[in-house]
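Those protein sequence lines, which keep their order, are chains A and B.
The opening position of the first sequence corresponds to residue 0 in numbering that gives the first Met the number 0, with each subsequent residue numbered one higher.
The opening position of the second sequence corresponds to residue 0 in numbering that gives the first Met the number 0, with each subsequent residue numbered one higher.
C-beta: ideal position from N, C-alpha, C; glycine also.
Small disclaimer: the values here were computed from a predicted structure and weren't measured.
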Amino acid sequence: MLSITNLTKTYPNGVHALKGVTLTIDTGLFGLLGPNGAGKSTLMRTLATLQEPDAGAIVFDGLDVVAQPEIHRRQLGYLPQDFGVYPGVSAYDLLDHIAVLKGMSEKKARREQVEALLAQTNLTSHRKKAVSSFSGGMRQRFGIAQALLGDPKLIIVDEPTAGLDPEERNRFHNLLSEVSENIVVILSTHIVEDVRQLCPRMAILADGRVLRTDAPRTLVAELEGRVWRKTADRSTVEQYRRSFNVISTQLYEGRTLVHVLNDGQPEQGFEVVEPNLEDVYFSILRAHSSATESLHAA
Amino acid sequence: MLRDVIRFEWRYHTRQIAFPVAVLFFLGMGYLLPAIGYGPTGANLNSPFVVMQSVGLLSLLMIFVLTVFCTNAVSRDAESGMQEIVFATPVGKLRYLTARFAGALLASLATFSACIVGLFVSPMVARMDPARVGATIPVAYLWALLVMAVPNILVAAAVIFAVAILSRSVLASYVGSVFLYMLYMVVGMMIGSPLFAGAKPLGQAALVRAAILDPFGISAFFQQTWYWTPAQRNSELLALSGYFLLNRVVVLVVALGILTVTYQRFSFRVAAHSVKRMLDLTDAAPSHTTAYQRVVVAAPSWRSHWTALRVATEREFRATATSKPFLALMALWVCVALIDITDNTVWEYHTLAYPTTRMMLADIQTTLPVLGALMLVYFAAEVVWRERIVRADEIIDATPTPSGVFYLAKGSALVLLTWLMTILPIVLAIGYQLATGYTNVHPLAYLSLFYFVGLPLVLLTVVIVLVQTLTPNRWLGVLLAMILALAILSPDELGLRHGMLRFAKPPVAPYTEMNGFVGAGSFAWYMVFWFSLAGLLAAVTLGIWRRGRAQSLLTRIRALPHRLGKAGLIGAAGSLALFAATGGIIFHDTNIAHRFETESQSLAWRASYERSYRRFDSMPLPAIVAAKATVNLYPSERRYAITGSYSLENRTTKAIDTVIVSQPRDVPASLLELTGARVVRHDDVSDTYIFALEQPMAPGARSELRFSVRSPQRHVVADGFDYDVVANGSYVTRAAAFPRLGYVRGYEVDDASERRARGLAPPRVGPGPIEDALAGRDRHESWMTLDATIVTDEDQTALAPGDLVREWKDNGRHYFHFVTPKPTTPVFGFVSARYAVRRVTHAGVNVEVHYDPAHAYNVDRMIAAATRTLDVLGSKFGPYPSSSLRIVELPAHWGFGAYAMPGVIVWPEDRGFVTRYREGDVDLVTKRLAHEVSHQWWGHTLYPAQVEGGVTLVETMAKYSELLVMEAIQGKASLPAMLRYERELYVMSRANMPFPEPTLLRAYDYDFVYYAKGAIVMEALRDLIGEEALNRALRTLLEEHGGEGKRPATTLDVEAALHAVSTPEQQQLIDEWFGKVTLYDLRIESASMEARPENQSRVTLTIRARKSLEPGGGIKPSEAALDELIDVAVYAENPLSSTAPALWSGKYRLRTGENRITIDVRGTPAFVSVDPFERRIEVERADNVREVTRRQ
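Structural data, given as structure tokens:
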């Protein structure tokens, strides 16, 4: 179990990336959803021991991660948001290399796992080719393969599906859910769909703070019967924005589809819709931003 | 618009931190050069010549700054991910390239201007010898900037920019810059550029070749100024003409050509390799059937760390070693190494030597550290930053491998690269040895490179990795590492003499074939000392090692103790303790157990010695009439002990009541007693004793000085080795170990400005005027007998002047008892080594060659040369004065050519024993041996007065003897080649003198006068008055002044003897050649021929001739009327490239101005030459030969 308490981080340039993040994460896939700049990558890198928090604690299975990063790294699998590789080194060689760095000095065990992971990530036929020549999807699969090397208890994947085509994303999800059975897997993303498909639990992070933590299903249930939809043209959308709690607007065949959060029907023409995770995400973000706005106004 | 883009570039460069660092560095270098007295000794520190030379030197350093600016200008788009954006903008190709290039160039020029400021200001501000600072000539600085620096920077920038932009590889540009530097080095070595040590005299042809090839114009600068006198150097600006102009034009054209090609080949595509090999992915449907298998990782152990270290090191090493830039660097290194290897097999007079391992190693030992350091500076940036450059750092840093493993892996990979660079020249050298049929390969000597060069490179690696860990980006790291590496490689230039201040650069003795290594143990002490410091630096590096997201240096330093942990801190403390402990031991051995003096301490005791004892300089001294000594040599322990005595006799006309005795400062006496006297003063610092005689020594009275001395034993050598006693090849001289009587002039401070600063009179010039000798005031020592017993290791042979009266072994020691049967000149030394010997008896003289068994190559030639010399000189100058002639090999760490003691010639191995004679070469072995053997007449029979011109009587006469013997053995035709070399040596050397050149009559110090000029003058003299008359005069001289008890001769006696055998006209020439600095200028202005019947031709030529005379002592030369017989010859082939004899040669009376000559010859003349046999000294000789045109 991973518990994060009051984590804060301010960068030298003044950016306040984490403003007291507290989270408790159990085994299984955990989705960390948030817009760009929410502090997700800072949190991920902090969990991956690549940077130190200014304050706060991270405890994983009883281990103080901040104080003993070198021990924490032994149980860590990390797929950074964006990574490069040594040029000209083949997938097999590079996995083998990272496996050694992860402490696998047993040659046979290493070879077996590397072969197995190449098979699982469907890279066996490209094992002799340089990773630096891989396409985005292949590279991402290589990324997850290296994160799975050894015996990780905590896997951190930061924006893994950005740039993947739908099929590749699907494959990626399958692999993630397969490995997440007994360990903690944290998936950070700004794509709601990823979380909906994969994560039994999730948190929404914005502006360096955790806005909500719960099971997606519970969050969706909270909105049952409160989300209303209407197709409108552009001028009226502006008007709706002023009058109602518009949680999202979406273009649909050239016209705008407006989602409004309201306890009753806001206006003639609105129809109630089955809420989805996207509605939850946007409503929470919206609530947060209006709260900060009014705070600033006050 | 272009201006805006360039302005942007300018702002970009000047705001990089590298810019102010580089500016400060160049300002500092500019300031430093005059302050440390850079430049030839004769020229002012702010003279146009020195300014030009300094600017040339510093422009070489710009290569490295340019690398940073150019690669930065080119690669910053790709590295910051701006490439696609920039390339997609509508900025045109020309404008893009122009702006980038102009930006880098402007920034570089601005940087370089800083050193001009430094050079300009330094002579006004820094404390320096006022005698070496002339009036400031501002235009000289601008001129140097314009004609030297700007073209150099332009061409270097063009090359590096082109490589950077076409390869898009930072490392490739580094290698491009190293290539430029090497090109300069290669050309510089070709001409023996004064920027390199050991300039060799070479013909104009080589100078001209280098002048054109050297891209930095420095060789062209030297070509133009090669024979400039100090006055010219101080006032004249380099002319933009001749080869210098040609070089500058070529350089600019090449630069423009490179830029044009770059423009044509550059295209706005994202670097091809990042696109072209992107795989086309058509994956089959997900097919994985196996479930994810975890593999439990064992707890970290030494084994897992070791595996990680091995794998990571291998990856780092392989990635660099197989990269194109490294391979290019290695290709370059092969070229340099080959030059290094072959360079040392060529010696004086262009003779060859066998490729002994010593010859192979000598240059490698000095270039490998430099190139290795360069490699480290550039490639460490790549290795240390590798993960960050390819953005693999987050994955790698999140693995549990400790930072220490990464640090060690990167460091080890760099060290392995230096090993690769070490192996390469070894393989080449061994290949060269075997290919030339030489099989005496010494593997251990080669492996020593890993020790003497390899270990310091490891230290440098530690420092450079630390620098790269400290700096926020690798550009700055490269710059700082470069500055640091330069400083570490040149402690002498920084004035660091004490071994403890010379990081990674303890004194290293040269390897010799005879003796192997000296000082490996001393080196080891320093290595422990510096490695313990390196351990501390390594701990710091580890403590601030980058792991994860970039953190500021301050943050990393704060985290240092925590990140090092207890073990790390203990390790650091341990290193510090070891550093302190070895430092203490080295300091004790250097400064406390022995004497270590800084430059100023040394000057201080010398000044105080002079003040205290100069009054004894003119006091009468008793003569040493006999020396008796037991010399105990312990070669394996590198020490000796001597007990002995001098028999003294008052041969003056006055009673002596005080005797001053000096013991060589490093060889303390445990006993020093003068019979009938007591020590009234013992000065510890100069080790001077003053004895007061209880009864003054009356004229003719005798006394005895008894002494017992022993050599010091030191473990650690602070600055330079002494080689008196070594394992094989000891050579202990009287001067090094025995007490001396009288005031030691050699202790006086001789630098004029240092003397002035200490309130001392101006320095002595030379050994005293001839007039001193005429008045009986010269410091001539008496002849003496020697009775010496040398005791050495059982397997060694010991040698000394005199007859070997007894040789025996006792108790594991070998005894040799030598006695001189009659008094000899007071010169002796003792040699001991494991020798093979060859003996012949020739005309009653026992001739022996004692040589290292591995060096038998030239022993037969030596025996032949020695016996022939005995015959030739015996017939011309009188019988050989001794019953034996022993020729003894010494290890090559003795730098002299050879040295003659009475009956014994000591001769370092490189200077004859391993000479490889080829048909057609100058026979160096015979020549040198003839010279040394002749000293038994000139030096040890005729022992001249110790005044000006004394050396002429010894060395010029030996040079003449050399010519006589060479002519007897090789024929007259062999002489011009040798004389040509002497003339070139003379005119080159005289251009580089700090004080005016003396004449032969009053020669001292400048060896090029009494050797090189002397040889030419003697040959001219022989031609002038005839050999018979000349030899008769010299024989008279030997009879009147040779041997004990005769009045010591001076050059005035030579002159008188020569006058006695010559006509008044000849006498005038003799006086000019001996008593003046005489230079001729003979030039054939036209030569034409006309065919005549019966295969006859008539050649008509005009010769312009003049002669200048300089009275010597710096008085300006004046024109003199030339009116003398000079050789003219007519050739069918070019005499400079062919050895075919002349069709005709004869003498013509040439007068100042134009001389028309008509010569009728048989055959078809093609060339004419004036003074073809090199009997007149000219600076410019290219115009002495001319092709004959055919007249219709």
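Buried or exposed (CB count within 10 angstroms, at least 16 for buried), residue i
i	result
A47 of chain A	buried
Q33 of chain A	Per the sequence presented here, residue 33 of chain A reads as Gly, with Gln not at that position. Answer is buried; the Cβ neighbour count reaches 16.
G175 of chain B	buried
L331 of chain B	buried
A270 of chain B	With a pLDDT of 48 at A270 of chain B, under the threshold of 50, the modelled position of that residue is not reliable, and the figure given next carries that caveat. Exposed.
F7 of chain B	exposed
S74 of chain B	buried
H587 of chain B	exposed
D213 of chain B	buried
D279 of chain B	With a pLDDT of 48 at D279 of chain B, under the threshold of 50, the modelled position of this residue cannot be trusted; read the value that follows with caution. It counts as exposed.
G1193 of chain B	Nothing in the structure corresponds to residue 1193 of chain B, since chain B is present only between 0 and 1191.
G197 of chain B	Bear in mind that the predicted position of G197 of chain B carries a pLDDT of just 41, short of 50, making it too unreliable to give a figure here.
H15 of chain A	exposed
Q467 of chain B	buried
Where residue i falls: helix, strand or coil (DSSP)
i	result
K8 of chain A	strand
R1190 of chain B	coil
R75 of chain B	helix
K107 of chain A	helix
Q263 of chain B	helix
T188 of chain A	strand
R337 of chain B	Position check: residue 337 of chain B holds Leu in this sequence, whereas Arg was assumed. Here L337 of chain B sits in helix by DSSP.
L670 of chain B	strand
L446 of chain B	helix
F912 of chain B	coil
S1168 of chain B	strand
D786 of chain B	strand
CB of residue i within 8 Å of CB of residue j, strictly
i	j	result
I5 of chain B	A155 of chain B	no
V1098 of chain B	V1187 of chain B	yes
L740 of chain B	I623 of chain B	yes
A944 of chain B	A1048 of chain B	yes
P621 of chain B	I659 of chain B	no
V725 of chain B	S521 of chain B	no
L163 of chain A	G142 of chain A	no
L1149 of chain B	E1177 of chain B	no
A219 of chain B	Y242 of chain B	yes
F502 of chain B	W524 of chain B	no
R1185 of chain B	I1083 of chain B	yes
Sheet register partners of residue i (DSSP bridge)
i	result
A1086 of chain B	B:L1100
G659 of chain B	According to the sequence provided, residue 659 of chain B is Ile. The question's Gly does not apply to it. According to DSSP, I659 of chain B bridges with B:I689.
I154 of chain A	A:G76 and A:V184
G1145 of chain B	B:V1127
Residue nearest to residue i in terms of C-alpha spacing, selected from the options
i	options	result
V924 of chain B	B:M861, B:F815 and B:A576	B:M861
W1143 of chain B	B:L1149, B:E1153 and B:E1132	B:E1132
A1165 of chain B	B:R1190, B:E1173 and B:V1178	B:R1190
K627 of chain B	B:T651, B:T788 and B:A571	B:T788
K229 of chain A	A:N12, A:D81 and A:V272	A:V272
Cβ-heavy atom distance, residue i to the ligand ZN, below 7 Å
i	result
F522 of chain B	Looking for the ligand ZN in the displayed structure turns up nothing, as the structure carries no ligands at all.
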